[in-house]
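Visitor:
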Amino acid sequence: MRLLIIGPQGAGKGTQAERLAAELGIPHISTGDLFRDNIGRGTDLGTLAQQYMNAGNLVPDEVTQSMLADRLAQPDTEPGFLLDGFPRNLPQATWLAGLLQERGTALEKVILLTAPDEVLIERMTARGRQDDTVEAIQRRLDLYHAETEPLVEHYGEIVVPIDGVGGVDEVTDRIVSGLGLATR
Ligand code: AMP
44 MRLLIIGPQG AGKGTQAERL AAELGIPHIS TGDLFRDNIG RGTDLGTLAQ QYMNAGNLVP
104 DEVTQSMLAD RLAQPDTEPG FLLDGFPRNL PQATWLAGLL QERGTALEKV ILLTAPDEVL
164 IERMTARGRQ DDTVEAIQRR LDLYHAETEP LVEHYGEIVV PIDGVGGVDE VTDRIVSGLG
224 LATR
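In structure tokens, the structure reads:
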């Protein structure tokens, strides 16, 4: 299955993506994790990405896309994948559609995981990541509304809206049944 999960920061995307990918036996591909891995290994890409990330800004599309193209070229993505954090804007979505079309495939479903702002902010502040300053959190939320939210309309019928408020298991069950997969 070729899936994408989108939603504001703090909606529980990373956690749910991890669980769902394990359940479906497909790789969980998070562009944020790929950047953090590069930062951890001290690569040139990591150094470049870090300045954007710490400010809560998007890393330039060409940089992100070339990193993702490398990841999607790996054979473990053949049975499918769950993308998390990419695409984050319409140009990235168009680029991805082109890349998948070259393989004769397309995204099948887009999971939209949402929660009210109070819940998001509470979860974000509890997370304590290096780029979780008040300014960066606010900036990422603004960017989500301006650039990422339009993807919901763009993907239209394949979007599966999921309420992200509740226990982790409860939300996973909602996603599994929302995707029309057998309940566990
Ligand atoms: P995340 O782990 O998804 O919250 O991503 C952390 C940071 O990585 C973001 O704030 C961006 O700076 C960068 N990033 C992740 N995915 C993308 C993307 N698709 N396009 C541009 N920047 C990204």
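Going left to right, the sequence shown walks through residues 44 to 227 as our numbering numbers them. C-beta: ideal position from N, C-alpha, C; glycine also.
Less than 6 Å separating the Cβ of Tyr95 from some heavy atom of the ligand AMP?
Guide: For this step, residue 95 is matched to residue 52 along the sequence shown. Result yes, Cβ under 6 Å from the ligand AMP.
Visitor: Provide the residue(s) that pair with Pro204 in DSSP beta bridges, ordered along the chain.
Guide: Working through the sequence shown from its first residue, we reach residue 204 at position 161. In the DSSP output, where bridge partners are listed per residue, Pro204 has Leu155.
Visitor: In or out: Pro130 buried (at least 16 other Cβ within 10 Å) or exposed?
Guide: If you number the sequence shown from 1, residue 130 lands on position 87. Buried, because 16 or more other Cβ atoms sit within 10 Å of the Cβ of Pro130.
Visitor: In whole angstroms, what is the alpha-carbon distance linking Met167 and Ile180?
Guide: In the sequence shown, residue 167 corresponds to position 124, counting from 1. In the sequence shown, residue 180 corresponds to position 137, counting from 1. Rounded to whole angstroms, Met167 to Ile180 spans 8 Å at the Cα level.
Visitor: Quick one, which of Glu151, Val177, Ile154 has its alpha-carbon nearest Leu163's?
Guide: Taking the first residue of the sequence shown as 1, we reach residue 163 at position 120. Ranking Glu151, Val177, Ile154 by Cα distance to Leu163 puts Val177 first.
Visitor: Would the beta-carbon of Ile154 fall within 7 Å of that of Ile205?
Guide: Taking the first residue of the sequence shown as position 1, residue 154 is located at position 111. Taking the first residue of the sequence shown as position 1, residue 205 is located at position 162. Contact: yes.
Visitor: In angstroms with no decimal places, state the Cα-to-Cα distance between Asn81 and Leu88.
Guide: Here residue 81 refers to the residue found at position 38 of the sequence shown. Here residue 88 refers to the residue found at position 45 of the sequence shown. Cα to Cα, Asn81 sits roughly 6 Å from Leu88.
Visitor: Whose CA, out of His71, Ile218, Gly223, Ala169, lies closest to the CA of Gln52?
Guide: On the sequence shown, position 9 is the one that residue 52 refers to. Among His71, Ile218, Gly223, Ala169, the Cα nearest to that of Gln52 belongs to Ala169.
Visitor: On the DSSP bridge list, what partners appear for Phe129?
Guide: Here the question's residue 129 lines up with position 86 in the sequence shown. Answer is none; Phe129 lacks a bridge partner.
Visitor: Exposed or buried, which one is His188 when buried takes at least 16 other CB atoms within 10 Å?
Guide: In the sequence shown, the residue the question calls residue 188 occupies position 145. His188 is exposed by the Cβ-count criterion.
Visitor: List the DSSP bridge partners of Arg45.
Guide: Within the sequence shown, residue 45 is the residue found at index 2, counting from 1. In DSSP, Arg45 forms a bridge with Phe124.
Visitor: Consult DSSP for Ile164 and reduce its assignment to one of helix, strand or coil.
Guide: One-based indexing of the sequence shown puts residue 164 at position 121. It is helical.
Visitor: For His188, which residues does DSSP report across the bridge?
Guide: For the purposes of this step, residue 188 is identified with residue 145 of the sequence shown, where counting begins at 1. Its beta-bridge partners do not exist; DSSP assigns none.
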